[in-house]
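**Q** Here it is, the structure, as structure tokens.
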Amino acid sequence: MRSDAYPEKLLGRWCLVIGIWIVATVLTSVAAQSPSDISASIVRISTASRQGTGVVVAVDGSGASIVTASHVLLGEEEYEVVFAADQDRRPFKSSKSNLHGWEPQDDIYGLAAFRVTGAIPGTVKPAAFGTAESLQPLDALVYNGFPGRAVDVQYFNASFSAPAGRTFSIDRSIGEGASGGAIVKDGKIVGIASARGGLQTFAVKSEVVVTTLRGWKVDLPADSNAANRPPTSGSIDVTYAGSSLLSNNRVGLMAATKFTLTAKGISDPDGDQITYNWDLGDGTPAPPSSPRVEKIYKEVNKFHVRLFVTDGKHPVLLAGETDITIRDVSGTWLLTIKNDPSQSPPLPERLTVTLNQKGNLLDGRIVPDNGSRPTTLTGEVRHPAQVYFGSEHAWWNDEEDSYFELEVSDGLMVVQMRNAVPGRCGPGIKCLSAFFQKQ
């Protein structure tokens, strides 16, 4: 035996292993595409001047709807259709008057859909669409159609090349008659062949096909929803009486006041009904599905609000979330006053205010630093970011019916003291403005 025979045998064995692997890979790829399943949805379209391919997208008791590339029907008044799944190869007639819709004639990537009537063979099935947006370079695809005036459905393996707007390309030029054929991945159609260029073929994405057909009011079966898109995410707006509280940076809301949570920027690109599921962060049951809910928080806390949505065809999506801080004004506050030079007698420079909030009701008192008598206060929360309190007589100001309005924002309140007598402190009824800060 020659001493160099072993390397030759080893090389031969490796070649055999690689060859088996390649064959197995190809057979697995072809089997995964299940082209025979797709042929039940394929038709041959013949006109006076050309042949093309179409895909059955809907079947009912009186006929079938078919989508193809628009240039297959360009300039033609009548069409003849043969279903690949019909063993008798009976021709069905249709015409321009039976069009569901037709995109611009000068668009080589356009679509057209039409209807044929009659007793459709029971072996004919509407297409199931997949999702072209998920395709990756070199993904294995299979073309199904009637290129080159073929009599039977032809299958060609190809690979995904790249997306291009509403279309994508595959790495194979299939030839005349291929337009309108199905590009298939894992037994579902991801594109409709529309044009070729060089060594490539271009196909309209399945998402575009389904959306276009729905726009033409084609009644697609439920399994066409594989190309359906989920709802979009957005945000949550918090409003009171039509005014946005979050946009004004009023993140501190008062307890026991009703405000509104509204879903913003959330929609479904396919027009499907959206179900809204609110998690209001306080353990209470979710309110009925609605993009707008009203809420009253009775506890002082920080609540994380989340909104989940679904169209019933995709997993539940977290569409928006926000934090809402609920507080009350209980405690001791120090009011530093900017005196109005025209005010006589001058107001105290500082006031100590003690407040106690129970729900939306307030009580407390004001103690001025000039030794005047304390003033008893009563009030209420009238707005998620404002409180009102006052007294029948403000001893330190010698005014009747004095009251305060405070806007709350993260531990700092801006206060306006007002008087019931217009003009008492100059134009309008504002007597002073100052900062009200918790001690």
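Residue numbers (numbering that gives the first Met the number 0): 0 to 438. Glycine included, each C-beta is placed from N, C-alpha and C at the ideal position. Computed from a predicted model, the values in this text were never measured in an experiment.
By alpha-carbon positions, which one of V71, P103, G144 ends up nearest to A84?
**A** Counting from 1 along the sequence shown, the entry for residue 84 is found at position 85. It is G144 whose Cα lies nearest to the Cα of A84.
**Q** Which residues does DSSP list as the beta-bridge partners of Q153?
**A** As a first step, residue 153 is located in the sequence shown; it is residue number 154 there, counting from the start. In DSSP, Q153 forms a bridge with G144.
**Q** Three-state secondary structure (DSSP) at V315?
**A** Position 316 of the sequence shown, counted from the first residue, corresponds to residue 315. Three-state DSSP puts V315 in coil, outside helix and strand.
**Q** At what residues does the alpha helix (DSSP H) containing T46 begin and finish?
**A** As a working note, residue 46 is residue 47 in the sequence shown. From DSSP, T46 is part of no alpha helix (DSSP H); its letter is neither H nor E.
**Q** In whole angstroms, give me the CA-to-CA distance for G100 and A111.
**A** The residue labelled residue 100 in the question sits at position 101 within the sequence shown. The residue labelled residue 111 in the question sits at position 112 within the sequence shown. In a straight line, the C-alpha of G100 is about 6 Å away from that of A111.
**Q** Nearest to G174 by alpha carbon, out of S160, Y154, A161, A262?
**A** Along the sequence shown, one-based indexing puts residue 174 at 175. Measuring C-alpha to C-alpha distances from G174 to each of S160, Y154, A161, A262 identifies Y154 as the nearest.
**Q** Whose C-alpha, out of R165, Y78, L279, L212, is nearest the C-alpha of F302?
**A** Walking along the sequence shown from the start, residue 302 turns up at place 303. Per the Cα distances, L279.
**Q** Looking only at its chain, what residues have a beta carbon closer than 7 Å to the beta carbon of F82, apart from the 5 residues adjacent to it on each side?
**A** For the purposes of this step, residue 82 is identified with residue 83 of the sequence shown, where counting begins at 1. Same-chain partners within the cutoff: V42, P120, V123.
**Q** Considering only C-alpha positions, which residue in the set A192, I265, V71, L72 is nearest to K204?
**A** Start at 1 with the first residue of the sequence shown, and residue 204 comes out as number 205. Minimum Cα distance to K204 is reached at A192.
**Q** Tell me, please, whether the stretch 264 to 272 touches the stretch 226 to 236 by the rule of three or more beta-carbon pairs shorter than 8 Å.
**A** Segments in contact, yes.
**Q** For T52, write down the residues that DSSP places opposite it in a beta bridge.
**A** Counted from its first residue, the sequence shown places residue 52 at position 53. According to DSSP, which records beta bridges pairwise, T52 is partnered with R43.
**Q** Based on DSSP bridge pairs, tell me the residues matched to S234.
**A** Stepping through the sequence shown from its first residue, residue 234 is reached at position 235. In DSSP, S234 forms a bridge with K263.
**Q** Would you mind working out which of V141, A63, G378, T351 sits nearest N156, comparing C-alpha positions?
**A** For this step, residue 156 is matched to residue 157 along the sequence shown. Taking only the C-alpha atoms, the option nearest N156 is V141.
**Q** For G330, does the three-state DSSP call read helix, strand or coil?
**A** Walking along the sequence shown from the start, residue 330 turns up at place 331. The answer is strand: DSSP assigns G330 an E or B state.
**Q** Give the range of the alpha helix (DSSP H) segment to which S205 is assigned.
**A** Taking the sequence shown and counting its residues from 1, one reaches residue 205 at position 206. S205 -> alpha helix (DSSP H) spans 205 to 214.
**Q** Does the beta-carbon of L137 have 16 or more other beta-carbons within 10 angstroms, so that it is buried, or is it exposed?
**A** Walking along the sequence shown from the start, residue 137 turns up at place 138. Classification for L137: exposed.
**Q** Under three-state DSSP, which class holds E102?
**A** If you number the sequence shown from 1, residue 102 lands on position 103. Of the three classes helix, strand and coil, the one that applies to E102 here is coil, per DSSP.
**Q** Do L198 and D170 count as a contact pair if the criterion is CB distance below 8 Å?
**A** Sequence index remark: in the sequence shown, residue 170 carries index 171 (1-based). Sequence index remark: in the sequence shown, residue 198 carries index 199 (1-based). Cβ distance < 8 Å, so D170 and L198 count as in contact.
**Q** Between the C-alpha atoms of I188 and L212, what's the straight-line distance to the nearest angstrom?
**A** Walking along the sequence shown from the start, residue 188 turns up at place 189. Walking along the sequence shown from the start, residue 212 turns up at place 213. Distance between the alpha carbons of I188 and L212 is about 14 Å.
**Q** Do E206 and A131 have their CB atoms nearer than 8 Å?
**A** Numbered from 1 along the sequence shown, position 207 holds the residue referred to as residue 206. Numbered from 1 along the sequence shown, position 132 holds the residue referred to as residue 131. The answer is yes: Cβ separation under 8 Å.
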